[in-house]
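In case it helps, numbering that gives the first Met the number 0 puts the sequence shown at residues 0 to 215.
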Amino acid sequence: MNRAKTALLALIGTVSVAAVPALASLPPAQAWEIGPIIKSRNYSFNMPLRPTPTPDGFAIDFPWPDARAGHVHYVTFRNGPLDGARRIVMRYRIDAEPGVRFVPQEHPDLPATLSLFFQQRGDTWSAKGPYETYRWYAPASKMIPLTPGEHAVSVDLDDAWISVYGKTPDARPEGFRRALADTMRVGFVLGSPAARGHGVYATGPARLTVLSFEIF
Numbered sequence: 000m001n002r003a004k005t006a007l008l009a010l011i012g013t014v015s016v017a018a019v020p021a022l023a024s025l026p027p028a029q030a031w032e033i034g035p036i037i038k039s040r041n042y043s044f045n046m047p048l049r050p051t052p053t054p055d056g057f058a059i060d061f062p063w064p065d066a067r068a069g070h071v072h073y074v075t076f077r078n079g080p081l082d083g084a085r086r087i088v089m090r091y092r093i094d095a096e097p098g099v100r101f102v103p104q105e106h107p108d109l110p111a112t113l114s115l116f117f118q119q120r121g122d123t124w125s126a127k128g129p130y131e132t133y134r135w136y137a138p139a140s141k142m143i144p145l146t147p148g149e150h151a152v153s154v155d156l157d158d159a160w161i162s163v164y165g166k167t168p169d170a171r172p173e174g175f176r177r178a179l180a181d182t183m184r185v186g187f188v189l190g191s192p193a194a195r196g197h198g199v200y201a202t203g204p205a206r207l208t209v210l211s212f213e214i215f
């Protein structure tokens with residue numbers, strides 16, 4: 000195993016799930032989009048556009064058993080500006096049969112992860128020039144490995160979020176402020192430490208149920 004991969008695995012091993020109280024707030028399933036959709040192409044291959052409503056919240060069934068069956072990337076909803084908010088908190092549950100693994104479709108040798116995410120209005124998805132700071136992903140310490148069970152993650156909006164090319168708000172303060180002031184989408188992405196929202200599949204039946212998602 001090379002040094003870079005060892006460092007990534009060590010980082011994932013230190014992630015701890017935040018202890019937060021149960022939250023009742025959750026946009027309805029029909030408000031969420033499984034994507035992203037870029038130039039009419041949905042990058043969540045073989046996935047429905049909307050998650051499935053459930054008594055607990057809403058659910059996403061992972062494609063299985065391999066990448067040819069599909070993969071899920073971004074799960075987001077439209078939201079207003081975040082510059083008056085302090086924190087994003089999400090609670091979710093993963094159910095899977097024994098032995099089922101979660102696999103990043105671009106980096107199958109790395110752990111599959113979930114990261115909170117927000118995006119500025121008008122993003123071209125090019126990540127060029129100012130568009131580098133239109134998408135922000137949760138800090139590395141709040142990147143959660145996909146494992147069965149109930150989990151929660153809480154990320155303050157003044158924390159060290161990461162842009163497309165790994166810059167923090169300290170390095171791109173104006174870009175971060177603009178993204179907070181003109182937010183278009185909020186949610187979570189599935190991928191790996193090397194490619195946060197580049198998609199995950201499962202090796203067997205598995206479901207992710209979002210129990211609550213609150214911005215406050």
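Every residue gets a Cβ at the ideal spot worked out from N, C-alpha and C, and that includes glycine.
**Request:** Spell out a yes or no on whether the segment 130-149 and the segment 39-53 are touching, meaning 3 or more CB-CB pairs, one atom from each, closer than 8 Å.
**Result:** no
**Message:** Under DSSP, the alpha helix (DSSP H) around Arg-177 begins and ends at which residues?
**Reply:** Working through the sequence shown from its first residue, we reach residue 177 at position 178. Residues 172-180.
**Message:** Could you tell me which whole beta strand (DSSP E) segments of length 3 or greater appear in the segment 77-146?
**Reply:** Complete beta strand (DSSP E) runs here, min 3: 86-95, 101-103, 112-119, 134-136.
**Meets three-Cβ-pair contact criterion under 8 Å: the segment 166-180 and the segment 91-100** = Counting Cβ pairs under 8 Å, fewer than three are found: no touch.
**Message:** If you reduce the DSSP assignment to three classes, tell me which class Ala-220 lands in.
**Reply:** The requested residue 220 does not occur in the structure, where the chain is confined to residues 0 to 215.
**Message:** Among the candidates Arg-77, His-197, Phe-101, whose CA atom is the shortest distance from the CA of Pro-204?
**Reply:** Along the sequence shown, read from residue 1 onward, the residue named residue 204 stands at position 205. Nearest of Arg-77, His-197, Phe-101 to Pro-204, Cα basis: Phe-101.
**Asked** By Cβ distance, which residues of its chain are closer than 7 Å to Thr-53, with the 5 residues on each side in sequence left out?
**Response** The count along the sequence shown starts at 1 and reaches residue 53 at position 54. The answer, listed in chain order, is Thr-208.
**Item:** Nearest-angstrom Cα separation, counted from Phe-117 out to Ile-214
**Value:** Mapped onto the sequence shown, residue 214 falls at position 215. Mapped onto the sequence shown, residue 117 falls at position 118. The straight-line gap separating the alpha-carbon atoms of Ile-214 and Phe-117 is approximately 11 Å.
**Request:** Return the residue from the list Glu-149, Phe-76, Trp-135, Thr-51 that minimises the CA-CA distance to Ala-159.
**Result:** Within the sequence shown, the letter at position 160 stands for residue 159. Nearest of Glu-149, Phe-76, Trp-135, Thr-51 to Ala-159, Cα basis: Trp-135.
**Request:** Would you mind stating whether Ser-211 and Arg-49 have Cβ atoms separated by less than 7 Å?
**Result:** Indexing the sequence shown from 1 puts residue 211 at position 212. Indexing the sequence shown from 1 puts residue 49 at position 50. No. Outside cutoff.
**Request:** Would you mind sorting Ala-23 into buried or exposed? The rule is 16 or more other CB atoms within 10 Å of its CB.
**Result:** Translated into the one-based positions of the sequence shown, residue 23 becomes position 24. Unreliable placement is indicated for Ala-23, whose pLDDT of 43 sits below 50; the coordinate value is still reported in the next sentence. When all chains shown are included, Ala-23 counts as exposed.
**Prompt:** Can you name the start and end residues of the beta strand (DSSP E) that His-72 belongs to?
**Reply:** Reading the sequence shown from its first residue, position 73 is the one you call residue 72. Under the DSSP assignment, His-72 falls outside any beta strand (DSSP E); it carries neither an H nor an E label.
**Prompt:** When DSSP labels each residue in this structure, what does Ala-21 get in the three-state scheme?
**Reply:** If you number the sequence shown from 1, residue 21 lands on position 22. Only weak support is given to the placement of Ala-21: the predicted model assigns it a pLDDT of 38, under 50, and the question is left unresolved by the model.
**Message:** With three or more beta-carbon pairs closer than 8 Å as the criterion, would you say the segment 120-138 touches the segment 174-194?
**Reply:** yes
**Prompt:** If you draw a straight line from the alpha carbon of Arg-195 to that of Val-154, how long is it in whole angstroms?
**Reply:** On the sequence shown, residue 195 is found 196 positions in, with the first residue counted as 1. On the sequence shown, residue 154 is found 155 positions in, with the first residue counted as 1. In a straight line, the C-alpha of Arg-195 is about 16 Å away from that of Val-154.
**Asked** Would you report the Cα separation of Pro-129 and Gly-98, rounded to the nearest angstrom?
**Response** Residue 129 sits at position 130 when you count from the first residue of the sequence shown. Residue 98 sits at position 99 when you count from the first residue of the sequence shown. Between Pro-129 and Gly-98, the C-alpha separation is close to 43 Å.
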